[in-house]
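In what follows, a structure is listed as structure tokens, so that the remarks can point back to it.
Protein chains: 4
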Amino acid sequence: MHRDRFYTLIASCPDRVGIVARVSGFISGYKGWILETSLHAQPPDEGDATGHYFMRIEVRADSLPFMLSELRERFRPIAEEFGMEWKITDSAVKKRVVILVSKQEHCLYDLLARWQSKELDIEIPCVISNHDTFRGFVEWHGIPFHHVAIDSGDKTATYARIRHIFEEADGDTMVLARYMQVLPAELCAAYPGRIINIHHSFLPSFVGARPYHQAWAKGVKLIGATCHYVTAELDQGPIIEQDVIRIDHTDTVADMVRYGKDIEKTVLARGLRYHLEDRVLTCGNKTIVFR
Amino acid sequence: MHRDRFYTLIASCPDRVGIVARVSGFISGYKGWILETSLHAQPPDEGDATGHYFMRIEVRADSLPFMLSELRERFRPIAEEFGMEWKITDSAVKKRVVILVSKQEHCLYDLLARWQSKELDIEIPCVISNHDTFRGFVEWHGIPFHHVAIDSGDKTATYARIRHIFEEADGDTMVLARYMQVLPAELCAAYPGRIINIHHSFLPSFVGARPYHQAWAKGVKLIGATCHYVTAELDQGPIIEQDVIRIDHTDTVADMVRYGKDIEKTVLARGLRYHLEDRVLTCGNKTIVFR
Amino acid sequence: MHRDRFYTLIASCPDRVGIVARVSGFISGYKGWILETSLHAQPPDEGDATGHYFMRIEVRADSLPFMLSELRERFRPIAEEFGMEWKITDSAVKKRVVILVSKQEHCLYDLLARWQSKELDIEIPCVISNHDTFRGFVEWHGIPFHHVAIDSGDKTATYARIRHIFEEADGDTMVLARYMQVLPAELCAAYPGRIINIHHSFLPSFVGARPYHQAWAKGVKLIGATCHYVTAELDQGPIIEQDVIRIDHTDTVADMVRYGKDIEKTVLARGLRYHLEDRVLTCGNKTIVFR
Amino acid sequence: MHRDRFYTLIASCPDRVGIVARVSGFISGYKGWILETSLHAQPPDEGDATGHYFMRIEVRADSLPFMLSELRERFRPIAEEFGMEWKITDSAVKKRVVILVSKQEHCLYDLLARWQSKELDIEIPCVISNHDTFRGFVEWHGIPFHHVAIDSGDKTATYARIRHIFEEADGDTMVLARYMQVLPAELCAAYPGRIINIHHSFLPSFVGARPYHQAWAKGVKLIGATCHYVTAELDQGPIIEQDVIRIDHTDTVADMVRYGKDIEKTVLARGLRYHLEDRVLTCGNKTIVFR
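Here it is in structure tokens:
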């Protein structure tokens with residue numbers, strides 16, 4: 012967590028000799044001051060003969076002799092040389108996060124508390140819900156609220172409207188803060204790595220509906236929550252963060268729901284922060300999280 | 012967590028043969044339906060030659076052939092026979108919790124979210140603060156807000172006013188939700204076992220001010236929070252609940268503060284719930300928590 | 012953990028008014044000194060119209076005016092009245108635990124360390140293995156070692172031999188301390204609630220072979236272990252204890268195996284202790300653990 | 012955890028532009044294949060005006076065109092240019108770890124299990140103890156055992172003998188595996204950053220003797236253990252690793268001791284592994300642990 016403006020470079024490419032030297036040499040050649048460097052070499056395996064390299068570097072903006080656009084231009088040849096997927100973001104540009112909720116309050120209150128105190132230093136252009144429950148609470152915070160009811164017959168119009176609102180809001184990230192609805196495959200495909208869900212189980216256990224009932228029936232001794240990117244396959248997207256809490260035989264499903272809420276909101280907030288700080292890189296269906 | 016109305020008996024007394032038999036015999040003699048029973052025998056030690064017995068029993072209200080007042084009357088002789096400290100509470104009577112805050116939002120948002128969803132099924136007659144920061148937020152929830160500024164010269168009037176507000180509100184419990192002020196000894200003494208604080212360290216480490224700075228300087232690998240009853244001695248009252256979270260060398264004090272907030276609000280909410288459900292009995296400066 | 016000899020009564024029965032009163036009245040009628048009482052009412056649900064009651068009571072042996080056999084005789088009518096499944100055990104009679112291992116050392120070393128220091132106050136009449144690897148180590152501790160090789164063609168003789176050794180050893184409990192073999196259904200059925208396994212995943216995730224490889228492929232952020240009773244259905248028996256440890260993207264399968272070993276041995280030791288102290292009661296495919 | 016031979020460079024120096032570029036450029040200039048890179052910039056604070064930089068880099072030995080001695084020679088000018096404290100170690104050279112124990116078995120069994128399975132790929136030239144308890148166990152493993160009794164009058168000779176044994180054994184690291192004795196200041200000073208202790212509390216809570224008794228008296232809800240470097244000031248050296256476990260009011264001091272043992276051995280093993288893999292750098296009285 013830094014106070015000064017900085018640029019964040021994240022990149023991945025096939026592994027080979029000299030990647031770090033080339034990138035860090037580029038930065039130091041302009042006297043760029045590196046605040047944080049995270050590097051990871053994924054060794055070769057069956058599906059990846061060369062192995063893969065992942066990096067995230069924060070550079071103080073005022074240490075470089077040019078602006079962000081020029082930084083990008085000058086870095087481009089290096090990226091092409093190594094076959095990188097890459098981007099450079101600017102800490103001064105706040106991410107725009109659209110929150111989707113249903114009727115459960117805990118993640119929404121939690122995210123707005125973090126936003127209000129600037130712990131999460133983001134814009135929330137709007138909140139979308141299939142119920143009108145939290146309109147007053149959201150609007151009191153000065154945030155627009157959209158009630159998009161779900162037509163159980165044809166959901167096409169519903170999700171077209173949500174997509175339209177997200178586009179109008181110029182959203183970077185969509186957060187399903189216990190939205191309790193399954194997004195259609197087209198919507199998932201439209202925003203890969205940009206829709207984040209919190210699932211109320213320790214995945215891959217208890218996929219789908221009513222995971223606390225499933226956990227109770229199975230008699231597990233810990234319950235958990237999973238923050239993951241949304242893909243077309245339900246509850247199967249890349250996992251960003253997980254945690255668990257201990258329960259015992261005295262806990263009913265209602266108790267589990269209550270304990271679970273504390274894990275859900277914490278895991279969602281941690282995962283979202285990693286994502287917003289560009290700390291999450293995907294590698295197939297897995298994530299590299301440069302905590 | 013039960014839906015039906017129930018009475019909760021909590022009691023402690025010197026240990027001897029026959030306590031459980033006598034109390035459970037009393038209840039079953041009236042066909043009372045026991046929902047939950049927790050018992051604990053504290054063995055004799057240096058300061059307690061006989062050992063002590065602690066119990067908590069929930070009985071369904073509609074299973075008994077009389078009202079609460081008569082239950083208390085009929086139980087009194089048993090309590091006297093065994094030398095019990097005891098009380099019987101009624102799940103239909105909501106506890107009245109007065110919250111004191113300063114300028115940090117996380118515990119306040121968290122408690123109001125739990126109250127709003129009835130996860131915490133309590134009355135919040137008012138919120139008191141030494142700053143006006145959260146007036147709008149609290150009042151939007153329909154809860155009166157009292158700004159009681161602190162006169163750094165003479166705090167007597169300040170705390171007299173707080174005590175007056177608490178009394179007028181008919182408060183059962185006072186919660187210091189990161190209030191950041193040291194209560195005077197008289198106030199602590201006036202409400203033993205009724206004032207709950209959340210301290211932002213894993214006590215007994217890092218008593219007093221700026222515990223995260225202390226933790227950073229010491230280089231600990233986990234940080235924590237402690238929910239405890241307030242006594243005249245700073246941060247020394249009986250501990251109700253604690254938890255920790257892992258940190259590492261990359262975390263600054265600001266990061267610790269951020270991680271700590273998640274632990275603080277969770278630990279406070281758990282400790283407060285145990286207290287409100289009459290699950291906490293004290294034994295000297297320690298607690299029995301019948302989770 | 013008590014020093015004095017005590018009897019442990021565990022019992023379960025359909026729930027109704029007066030169970031605790033009757034049982035505790037019985038004990039106090041003979042001036043029995045209760046050291047520890049644990050009670051649990053499982054509410055009615057779809058499969059159990061009345062609900063079920065579970066209890067575990069420790070009574071100091073020297074506080075009763077008769078021997079164990081007479082205690083059992085005198086308690087029998089109460090058990091019959093309430094339709095109890097029950098037993099009474101004697102802390103002075105050490106449980107006899109037969110350990111089965113393969114080629115992994117961690118659970119075996121761990122159990123023998125606990126046995127050697129009397130932390131686990133048990134008899135280990137023998138260790139059985141499908142490899143000869145640990146013969147020297149086990150025999151050095153003065154414990155007989157049986158190498159029972161597995162004939163990949165017909166395993167009937169193998170398991171008949173194991174069963175014979177267990178019977179000859181007068182074993183109470185069989186512990187699969189990373190035995191890595193699937194027991195035949197007949198053997199499981201012969202000792203219900205008496206065979207304990209440690210599975211190297213957080214069940215129900217990653218049933219079967221190579222769970223760390225499964226966990227790696229899935230990209231989970233925590234890995235775990237599960238101690239459970241063995242039933243005919245692989246990795247599906249009642250769960251006694253579980254725990255997890257955090258991993259991240261830098262951890263290879265080999266790292267997971269290494270971290271996992273620490274969780275496995277700890278979870279196995281905790282679950283085994285609960286079992287040996289008669290703290291585990293089963294309720295369908297779930298457990299009540301009176302920790 | 013890598014199979015192939017590699018060299019590990021660890022270094023720290025005042026922070027400035029170009030450190031990573033220079034070092035990684037040096038390695039890639041010889042086509043060195045980097046397996047793992049960890050970097051950390053400690054920002055300036057009151058006691059350190061420039062900030063400090065820490066690094067750890069693993070390079071595959073067979074990717075470099077020269078031997079270790081030449082690698083060191085060629086790297087030396089860079090180290091001098093940046094004012095580095097540095098060293099380069101070779102994964103093919105096993106560290107020599109001397110273990111000191113008293114009468115508790117858990118850490119000793121645990122370390123020997125890890126050594127026996129090569130999870131800890133080290134040499135154990137000998138075990139030293141102030142009691143003869145574990146002679147047979149240690150010698151059975153083929154490891155020399157030295158009983159060095161402690162003369163309660165004058166301990167000078169005792170520690171001179173221990174130091175002599177350590178020197179004769181050509182020890183790299185001394186591990187106090189619940190040795191239960193306070194080392195004299197001279198011995199601590201002789202091996203800075205080379206003596207590792209496991210303390211049975213979550214430091215800085217409960218320094219000194221009988222920490223579980225202290226924890227019981229205080230009524231904490233979690234107990235812990237701390238692995239740290241030994242310095243002349245008791246239990247105050249740089250912390251390498253810590254962990255905790257939950258307890259409750261039913262746990263006696265004896266129960267805490269038992270739970271604590273599981274935390275102690277795990278925390279010691281983790282901390283020792285970090286140390287042996289050259290993942291621990293010190294920064295004043297704190298550690299950077301490149302996990």
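Chains as they are written, first to last, in the working numbering: chain H, 12 to 302; chain U, 12 to 302; chain R, 12 to 302; chain D, 12 to 302. Just so you know, even glycine gets a beta-carbon here, dropped at the ideal spot from N, CA and C.
So which residues on chain R does residue i lean against when the C-beta distance must stay under 7 Å?
i	result
U/A90	By Cβ distance, chain R contributes nothing, its closest Cβ being about 17 Å from U/A90, past 7 Å.
D/E116	A124, Q127 and S128
Would you verify that the beta carbon of residue i is, or is not, closer than 9 Å to some beta carbon of chain D?
i	result
U/P25	no
U/F77	no
H/R33	yes
U/L279	no
U/D259	yes
R/D289	no
R/R189	no
Is residue j closer than 9 Å to residue i when the C-beta atoms are compared?
i	j	result
H/I139	H/I173	yes
U/T298	U/P249	yes
D/S113	U/P215	no
D/Y120	D/A72	no
D/Q253	U/V218	no
U/V31	U/M66	yes
H/S212	H/T242	no
D/T261	R/R302	yes
H/L279	H/A220	no
U/C137	U/I161	no
D/L194	D/F86	no
Could you give the first and the last residue of the continuous alpha helix (DSSP H) run that contains residue i?
i	result
R/R146	R146 to W151
D/Q127	H117 to Q127
H/R16	First-last for H/R16: undefined, no H or E at that position.
For chain U, check one thing: does any of its Cβ atoms lie closer than 9 Å to the Cβ of residue i?
i	result
H/G147	yes
D/R302	yes
R/S39	yes
H/R125	yes
D/T263	yes
D/D273	no
Identify the contact partners of residue i in chain U, using a Cβ-Cβ distance below 8 Å as the criterion.
i	result
D/G230	P249, I250, N296, K297 and T298
List, in order along the chain, the chain H residues whose C-beta lies closer than 9 Å to that of residue i?
i	result
R/T48	Per Cβ cutoff of 9 Å: no residues; R/T48 is ~15 Å from chain H at best.
With a cut-off of 9 Å, does the C-beta of residue i fall near any C-beta of chain H?
i	result
D/W44	yes
R/M12	Note on R/M12: pLDDT 47, under 50, position unreliable in the model; the coordinate value appears next. For R/M12, the answer is no, since every Cβ of chain H falls outside 9 Å of its Cβ.
R/S216	yes
R/P54	yes
U/R269	yes
By the DSSP assignment, the beta strand (DSSP E) with residue i in it spans what residues?
i	result
D/W97	E96 to D101
H/F77	Per DSSP, H/F77 belongs to no beta strand (DSSP E) and is neither H nor E.
H/V112	V108 to V112
D/I38	No beta strand (DSSP E) holds D/I38; the alpha helix (DSSP H) holding it covers I30 to G40.
D/T48	I45 to Q53
Could you list which residues in chain R have their beta carbon closer than 8 Å to that of residue i, in chain order?
i	result
D/H158	Within 8 Å Cβ-Cβ: nothing; D/H158 doesn't reach chain R, min ~19 Å.
What does residue i reach in chain D if we use C-beta pairs closer than 8 Å?
i	result
R/W151	G147, F148 and W151
Find the residues of chain H that neighbour residue i, judging by a C-beta separation of less than 7 Å, and give them in chain order.
i	result
D/G29	S39
Mind pulling the chain R residues with CB within less than 9 Å of residue i?
i	result
H/F213	F213, S216, V231, L233, G235 and V255
Which residues in chain D sit within 7 Å of residue i, going by Cβ to Cβ distance?
i	result
R/Y223	Correct list: empty, because the minimum Cβ distance to chain D is about 13 Å.
So that I know if they touch, is there some Cβ in chain R lying closer than 9 Å to that of residue i?
i	result
H/H51	yes
Check whether the Cβ of residue i sits closer than 8 Å to any heavy atom of the ligand ATP, and report yes or no.
i	result
D/H286	No copy of the ligand ATP appears in this structure; indeed no ligand is present at all.
Legend entry - Ordered list of beta strand (DSSP E) runs contained in the region 184-272 of chain R, each at least 3 residues: If only complete runs of 3 or more residues are kept, the region 184-272 of chain R shows the beta strand (DSSP E) at 184-187, 206-210, 233-240 and 250-257, in order along the chain.
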